[in-house]
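K.L.:
Chains as they are written, first to last, in our numbering: chain A, 6 to 214; chain B, 6 to 214; chain C, 6 to 214; chain D, 6 to 214.
4 protein chains.
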Amino acid sequence: MPEQDLVYLAARMNVQSDTPSKKEAILKTTLDLIKDNGFHGTPISLIAKKAGVAAGTIYHYFPNKDAIIIELHKVIKEQMASAMFSEAGTKKEYKQQFFDGWMNLVRYFINNPSALIFIQQFNSSPFVKLASAGDTKASVNKFYEFFQAGMDKGYLKQMEYKLIAAAVFGCITSVANYHVGGRYNFKNEDLCKVANIMWDGIKYRSAKV
Amino acid sequence: MPEQDLVYLAARMNVQSDTPSKKEAILKTTLDLIKDNGFHGTPISLIAKKAGVAAGTIYHYFPNKDAIIIELHKVIKEQMASAMFSEAGTKKEYKQQFFDGWMNLVRYFINNPSALIFIQQFNSSPFVKLASAGDTKASVNKFYEFFQAGMDKGYLKQMEYKLIAAAVFGCITSVANYHVGGRYNFKNEDLCKVANIMWDGIKYRSAKV
Amino acid sequence: MPEQDLVYLAARMNVQSDTPSKKEAILKTTLDLIKDNGFHGTPISLIAKKAGVAAGTIYHYFPNKDAIIIELHKVIKEQMASAMFSEAGTKKEYKQQFFDGWMNLVRYFINNPSALIFIQQFNSSPFVKLASAGDTKASVNKFYEFFQAGMDKGYLKQMEYKLIAAAVFGCITSVANYHVGGRYNFKNEDLCKVANIMWDGIKYRSAKV
Amino acid sequence: MPEQDLVYLAARMNVQSDTPSKKEAILKTTLDLIKDNGFHGTPISLIAKKAGVAAGTIYHYFPNKDAIIIELHKVIKEQMASAMFSEAGTKKEYKQQFFDGWMNLVRYFINNPSALIFIQQFNSSPFVKLASAGDTKASVNKFYEFFQAGMDKGYLKQMEYKLIAAAVFGCITSVANYHVGGRYNFKNEDLCKVANIMWDGIKYRSAKV
DNA sequence: AATGAATGAGCGTTCATTCAT
DNA sequence: TATGAATGAACGCTCATTCAT
Numbered sequence: 006m007p008e009q010d011l012v013y014l015a016a017r018m019n020v021q022s023d024t025p026s027k028k029e030a031i032l033k034t035t036l037d038l039i040k041d042n043g044f045h046g047t048p049i050s051l052i053a054k055k056a057g058v059a060a061g062t063i064y065h066y067f068p069n070k071d072a073i074i075i076e077l078h079k080v081i082k083e084q085m086a087s088a089m090f091s092e093a094g095t096k097k098e099y100k101q102q103f104f105d106g107w108m109n110l111v112r113y114f115i116n117n118p119s120a121l122i123f124i125q126q127f128n129s130s131p132f133v134k135l136a137s138a139g140d141t142k143a144s145v146n147k148f149y150e151f152f153q154a155g156m157d158k159g160y161l162k163q164m165e166y167k168l169i170a171a172a173v174f175g176c177i178t179s180v181a182n183y184h185v186g187g188r189y190n191f192k193n194e195d196l197c198k199v200a201n202i203m204w205d206g207i208k209y210r211s212a213k214v
Numbered sequence: 006m007p008e009q010d011l012v013y014l015a016a017r018m019n020v021q022s023d024t025p026s027k028k029e030a031i032l033k034t035t036l037d038l039i040k041d042n043g044f045h046g047t048p049i050s051l052i053a054k055k056a057g058v059a060a061g062t063i064y065h066y067f068p069n070k071d072a073i074i075i076e077l078h079k080v081i082k083e084q085m086a087s088a089m090f091s092e093a094g095t096k097k098e099y100k101q102q103f104f105d106g107w108m109n110l111v112r113y114f115i116n117n118p119s120a121l122i123f124i125q126q127f128n129s130s131p132f133v134k135l136a137s138a139g140d141t142k143a144s145v146n147k148f149y150e151f152f153q154a155g156m157d158k159g160y161l162k163q164m165e166y167k168l169i170a171a172a173v174f175g176c177i178t179s180v181a182n183y184h185v186g187g188r189y190n191f192k193n194e195d196l197c198k199v200a201n202i203m204w205d206g207i208k209y210r211s212a213k214v
Numbered sequence: 006m007p008e009q010d011l012v013y014l015a016a017r018m019n020v021q022s023d024t025p026s027k028k029e030a031i032l033k034t035t036l037d038l039i040k041d042n043g044f045h046g047t048p049i050s051l052i053a054k055k056a057g058v059a060a061g062t063i064y065h066y067f068p069n070k071d072a073i074i075i076e077l078h079k080v081i082k083e084q085m086a087s088a089m090f091s092e093a094g095t096k097k098e099y100k101q102q103f104f105d106g107w108m109n110l111v112r113y114f115i116n117n118p119s120a121l122i123f124i125q126q127f128n129s130s131p132f133v134k135l136a137s138a139g140d141t142k143a144s145v146n147k148f149y150e151f152f153q154a155g156m157d158k159g160y161l162k163q164m165e166y167k168l169i170a171a172a173v174f175g176c177i178t179s180v181a182n183y184h185v186g187g188r189y190n191f192k193n194e195d196l197c198k199v200a201n202i203m204w205d206g207i208k209y210r211s212a213k214v
Numbered sequence: 006m007p008e009q010d011l012v013y014l015a016a017r018m019n020v021q022s023d024t025p026s027k028k029e030a031i032l033k034t035t036l037d038l039i040k041d042n043g044f045h046g047t048p049i050s051l052i053a054k055k056a057g058v059a060a061g062t063i064y065h066y067f068p069n070k071d072a073i074i075i076e077l078h079k080v081i082k083e084q085m086a087s088a089m090f091s092e093a094g095t096k097k098e099y100k101q102q103f104f105d106g107w108m109n110l111v112r113y114f115i116n117n118p119s120a121l122i123f124i125q126q127f128n129s130s131p132f133v134k135l136a137s138a139g140d141t142k143a144s145v146n147k148f149y150e151f152f153q154a155g156m157d158k159g160y161l162k163q164m165e166y167k168l169i170a171a172a173v174f175g176c177i178t179s180v181a182n183y184h185v186g187g188r189y190n191f192k193n194e195d196l197c198k199v200a201n202i203m204w205d206g207i208k209y210r211s212a213k214v
């Protein structure tokens, strides 16, 4: 079910209509094109053509090309948080929460390769500076809070939570990237193994739990 | 000594002269500019100006702009391998080799932020397709061989070596990126902690070694 | 009372309503915007926004953008004639009529800088060709008749009346422009001095009245 | 001999070559096109075509379109000063200097209608603000000095010299404009008559010389 | 080998105008 | 009447690449 989440989410952005709005079409098209061609290989004229709108129309919904990127970033970040913590409400063991979150996020990336590639391009482009200051603190915090809570409750090794976050997040995207890029076709149990690696690495005492 | 390695390596590429050749100047300049402006924010004219050559001259050394990127990628990949396994000749314990390699690579990235940013941009750009086929098998293999050997000798958990490679490499770049991007200023002991996480995660039995 | 005249005149264009009609609002807004931004710095979308109407509405009142310009030109030309000869009915000496007309027109421009700037832009733009043929003969004639009458009655030097008209009109706009453009802040007596220059220049015999 | 002066002047800008340089061709072409189409009716693409260069080439000589306008303005201002005071070195009576300067400038405009139209468009466009601060003080001063000197020596009526300057300059351009615009075909003696008007207007005592 | 003027396709963006509502 | 979303031609400008010198 590739890219399902994105379509679903996008559809919810416009409550009144069943047909996807122009704005959604533009966002979705841009994301797809970026996957294949990169930011700069994706001219407005191409977005317009593939989205079935006139080039000028894009400028009714976005002040400029960068704004499309920024908005895409925001949407995807929210989807990532949404995917990771989808069952967070249920009272599960911490370890289970970690495994579920891990697998959810990897699966999100594998099902939405455009999102993975976008996020990685974004994070290694001059855009990061524009966006990091801004809008997605909420979703980022959720991520950090989870690890902080794990340390506070004694499940995880004590350390700066950013260290764990960097390690875990880098690991997830890297694995997903191997898969998406076709370098290796990870099966579900493979993904579990990597989750195990990370859990064994970060849990409080190597011998227990 | 930031960016030292690159200069050094570059210098060795041209055996005959003590002064850096034009080709080296072009490569070095391009790398620096990409750090600040990204691939597409780095026009040939700017490279020419900063490198002190005419735009046309660049086309004596490279058939087109993409070729500069491809070559830079090759050079940096070699440097990374070189950095990781610099003391590999000495007979050390496997665990020590892992820690040394880990720290060496992180330090390489922290000392050569341009290289880190370049590699990440490269890996999330349409260029990957052009390059992965080609030239860097040797250095990549070294990386893989190390993990395969670890599994064969019983130091590491048994699994597809690409899984470990993806996890470890993704983790390293992510941590280095946090540091380089200024999101967190990791001290040496912080980096050790992350190495520990990974080692605890991948070693054969959590309780031993 | 800057720009008062225009509002007043505009209001009279629509006899039925006390509130300014949409057409008037469009004309007035366009004139104001042109003062600050020039013809081509004044897009229809901006006129619409500032005039409080939809862009499409403008096309109910004018066939295209040029037509707004043409109509503005006509309105302002009429205002200029109106301003110059406002007290013409009273029987005054010819010299006094000249001075009054002169001062009236300069004051009109100083009180309606938008009109001055518009007229000058118009006269030095490709629009002149479109307009001169057309609609404003009446007001132009009044201007010419005044000078012709002055020559016929022996008050002015004999010459092609267009020469005098060009000289006097060019002089007035130039002086008003210095003032409006902020290059010099002319007092009332200054303006009188320039009127005197022109009168001394054009009167029949230098020694007499 | 239309536009002769401009060609001549332009040729002198590039001392080494007999053939007009690209830069000169761009300037000259732009001036011609502006006469017929106005600033905004003169796209870069048209300038390029008529000047026989590629559009991109224009950007080797000027940073942007505005810069062409600014430079044209500077060149024309210098030509105007040059035209007016061409025989200023010879010791002539003040009145004669005035007449000569007057006639020279009118003739310059009549022979270079593009320059006249350009100057008028420029002076009634948002460009004025950019340029008035800047570069042409020298030529402007010459103009003012001449009138100031006339007052100091008792040849002219005492008043703020800007008043006289505004009156005289406005008069000249207006007259030339009538001629160039085809509204009236002034003969040489006509132009003399207007010069006489201005002289009679500004000279110290109406009865004397 | 080295230059840098010249090219022109292609970019992001604007805006006068249309038309379904 | 009035709207404003939609259009798409046209704009100013960039930049990888070429080539005469």
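Where is the CB? At the ideal position from N, CA and C, for every residue including glycine.
1. Rounded to a whole number of angstroms, what is the C-alpha to C-alpha distance between B:Leu32 and B:Ala120?
2. Specify the secondary structure class of B:Asp140 as computed by DSSP and reduced to three states.
3. With respect to the alpha helix (DSSP H) encompassing A:Met108, which residues constitute its N-terminal and C-terminal limits?
4. Tell me the rounded alpha-carbon separation between A:Asn109 and A:Gly186.
5. Quick check on DSSP: helix, strand or coil for D:Lys147?
6. So A:Met89 contacts chain B; which residues on that side make the cut at Cβ distance below 9 Å?
7. Let me confirm a value: B:Ser91 is counted as buried when at least 16 other C-beta atoms fall within 10 Å, else exposed. Which label applies?
8. Taking the C-alpha atoms as reference points, what is the distance between B:Phe132 and C:Ile63?
9. In or out: D:Ser50 buried (at least 16 other Cβ within 10 Å) or exposed?
10. Enumerate in chain order the residues of its own chain whose CB-to-CB distance from B:Tyr113 is below 6 Å, with the five nearest sequence positions on each side excluded.
11. Name the residues in the stretch 183-200 of chain D whose C-beta lies less than 8 Å from a C-beta of chain C; which are they?
12. Taking C-beta pairs closer than 7 Å, name the residues in chain A that B:Lys28 reaches, listed in chain order.
13. Going by DSSP, what residues sit across from D:Leu161 in a beta bridge?
14. Select from B:Asp195, B:Asn190, B:Ala200 and B:Asn128 the residue whose C-alpha is nearest the C-alpha of A:Tyr183.
15. Starting from the beta carbon of C:Lys82, find every residue of chain D whose beta carbon is closer than 8 Å, and list them in chain order.
16. Taking C-beta pairs closer than 7 Å, name the residues in chain B that A:Thr178 reaches, listed in chain order.
17. At 8 Å on the CB atoms, spell out the chain A contacts of B:His45, in chain order.
18. Taking the alpha-carbon of D:Ile39 as reference, which of D:Phe123, D:Ala154 and D:Tyr166 has the nearest alpha-carbon?
19. The alpha helix (DSSP H) with B:Phe67 in it runs from where to where?
20. Could you give the residue range of the alpha helix (DSSP H) that holds B:Ala59?
21. DSSP three-state call for C:Val185: helix, strand or coil?
22. Against chain B, with Cβ distances strictly below 8 Å, would A:Ala171 count as a contact?
23. Can you name the residues of chain B whose CB is closer than 7 Å to the CB of A:Gln101?
24. Given that a residue counts as buried once 16 or more other Cβ atoms are within 10 Å of its Cβ, and exposed if not, what is B:Gly155?
25. Can you grab the Cα-Cα spacing for the pair A:Glu165 / A:Ile115, in whole Å?
26. Taking Cβ positions only, does B:Val111 come closer than 8 Å to chain A?
27. Report all residues from its chain with a CB closer than 7 Å to the CB of D:Tyr66; omit the five preceding and five following residues, and keep chain order.
28. If the cut is a Cβ gap below 8 Å, which residues of chain C does D:Leu77 touch?
29. Which value, in whole angstroms, describes the spacing of the CA atoms of D:Ala171 and D:Ile73?
30. Leaving out the 5 sequence neighbours to the left and right, which residues in its chain are closer than 6 Å to C:Asp41 when beta-carbon positions are compared?
31. Can you name, in chain order, every residue of its own chain whose Cβ lies under 7 Å from the Cβ of B:Tyr189, other than the five neighbours on each side?
32. What would DSSP say about B:Ser129, mapped onto helix, strand or coil?
33. Could you tell me whether the Cβ of C:Leu1 comes closer than 8 Å to any Cβ of chain D?
34. Please name the residue in A:Phe148, A:Phe151, A:Lys70 and A:Gly57 whose C-alpha comes closest to that of A:Gly46.
35. How far does the alpha helix (DSSP H) with D:Asn42 in it reach, from first residue to last?
P.N.:
This is what the structure gives:
1. Taking the first residue of the second sequence as position 1, residue 32 of chain B is located at position 27. Taking the first residue of the second sequence as position 1, residue 120 of chain B is located at position 115. Taking the straight line joining both Cα atoms gives about 12 Å.
2. Reading the second sequence from its first residue, position 135 is the one you call residue 140 of chain B. No answer about B:Asp140 holds up, because its pLDDT of 48 lies below 50 and its placement is not dependable.
3. Counted from its first residue, the first sequence places residue 108 of chain A at position 103. A:Met108 -> alpha helix (DSSP H) spans Tyr99 to Asn116.
4. Working through the first sequence from its first residue, we reach residue 109 of chain A at position 104. Working through the first sequence from its first residue, we reach residue 186 of chain A at position 181. The alpha-carbon separation between A:Asn109 and A:Gly186 amounts to approximately 19 Å.
5. Translated into the one-based positions of the fourth sequence, residue 147 of chain D becomes position 142. Helix at D:Lys147.
6. Working through the first sequence from its first residue, we reach residue 89 of chain A at position 84. Within chain B, no residue comes near A:Met89; the closest Cβ sits about 16 Å away, beyond 9 Å.
7. Taking the first residue of the second sequence as 1, we reach residue 91 of chain B at position 86. B:Ser91 is exposed by the Cβ-count criterion.
8. The sequence position of residue 132 of chain B within the second sequence is 127, counting from 1. The sequence position of residue 63 of chain C within the third sequence is 58, counting from 1. Straight-line Cα distance between these residues: approximately 50 Å.
9. Residue numbering aside, residue 50 of chain D sits at position 45 when the fourth sequence is read from its first letter. Exposed, by the Cβ-count rule.
10. Numbered from 1 along the second sequence, position 108 holds the residue referred to as residue 113 of chain B. Within its own chain, the residues whose Cβ lies closer than 6 Å to the Cβ of B:Tyr113, once the five positions on either side in sequence are excluded, are Ala88, listed in chain order.
11. Tyr183, Gly186, Arg188, Tyr189, Phe191, Asp195, Lys198 and Val199
12. Here residue 28 of chain B corresponds to residue number 23 of the second sequence, with the count starting at 1. Correct list: empty, because the minimum Cβ distance to chain A is about 25 Å.
13. Here the question's residue 161 of chain D lines up with position 156 in the fourth sequence. DSSP, once it has assigned bridges, lists D:Lys208 as partnering D:Leu161.
14. By 1-based counting over the first sequence, the position of residue 183 of chain A is 178. Comparing Cα positions, the closest option is B:Asn128.
15. The sequence position of residue 82 of chain C within the third sequence is 77, counting from 1. The premise fails here: C:Lys82 is roughly 15 Å from chain D at the closest Cβ pair, so nothing lies under 8 Å.
16. Residue numbering aside, residue 178 of chain A sits at position 173 when the first sequence is read from its first letter. Under the 7 Å cutoff, chain B gives Gly175.
17. Here residue 45 of chain B is taken as the residue at index 40 of the second sequence, counted from 1. Going along chain A in sequence order, the residues near B:His45 (Cβ under 8 Å) are Phe44 and His45.
18. As a first step, residue 39 of chain D is located in the fourth sequence; it is residue number 34 there, counting from the start. The shortest C-alpha separation from D:Ile39 is found at D:Phe123.
19. Within the second sequence, the letter at position 62 stands for residue 67 of chain B. Note, B:Phe67: premise wrong, no alpha helix (DSSP H); not H, not E.
20. The count along the second sequence starts at 1 and reaches residue 59 of chain B at position 54. Looking at the DSSP string, B:Ala59 is not in any alpha helix (DSSP H), and its letter there is neither H nor E.
21. Counted from its first residue, the third sequence places residue 185 of chain C at position 180. Helix, per DSSP.
22. Counted from its first residue, the first sequence places residue 171 of chain A at position 166. Chain B contact via Cβ: present.
23. As a first step, residue 101 of chain A must be located in the first sequence, where it is residue number 96. Neighbours of A:Gln101 on chain B: none; closest Cβ ~18 Å, over 7 Å.
24. Against the second sequence, residue 155 of chain B aligns to sequence position 150. So B:Gly155 ends up on the buried side.
25. Against the first sequence, residue 165 of chain A aligns to sequence position 160. Against the first sequence, residue 115 of chain A aligns to sequence position 110. Between A:Glu165 and A:Ile115, the C-alpha separation is close to 29 Å.
26. Position 106 of the second sequence holds residue 111 of chain B. Taking Cβ atoms only, chain A never reaches closer than 8 Å to B:Val111, which makes this a no.
27. For the purposes of this step, residue 66 of chain D is taken as the residue at position 61 of the fourth sequence. The residues are Lys27, Lys28 and Ile31.
28. Counting from one through the fourth sequence, the residue named residue 77 of chain D turns up at place 72. Residues of chain C passing the Cβ test: none, with the nearest at roughly 14 Å.
29. Within the fourth sequence, the letter at position 166 stands for residue 171 of chain D. Within the fourth sequence, the letter at position 68 stands for residue 73 of chain D. Approximately 27 Å, taken between the alpha carbons.
30. Your numbering for residue 41 of chain C matches position 36 in the third sequence. Answer for C:Asp41: no residue qualifies.
31. As a position in the second sequence, residue 189 of chain B is number 184, starting the count at 1. Within the same chain, and ignoring the five residues on either side of B:Tyr189 in sequence, the residues whose Cβ sits closer than 7 Å to its Cβ are Tyr183.
32. The residue given as residue 129 of chain B occupies position 124 in the second sequence. DSSP places B:Ser129 in coil when its eight states are reduced to three.
33. Residue numbering for chain C in the displayed model covers 6 to 214; residue 1 of chain C lies beyond these limits and cannot be assessed.
34. Translated into the one-based positions of the first sequence, residue 46 of chain A becomes position 41. It is A:Lys70.
35. Translated into the one-based positions of the fourth sequence, residue 42 of chain D becomes position 37. Looking at the DSSP string, the run of the alpha helix (DSSP H) that includes D:Asn42 is Lys27 to Asn42.
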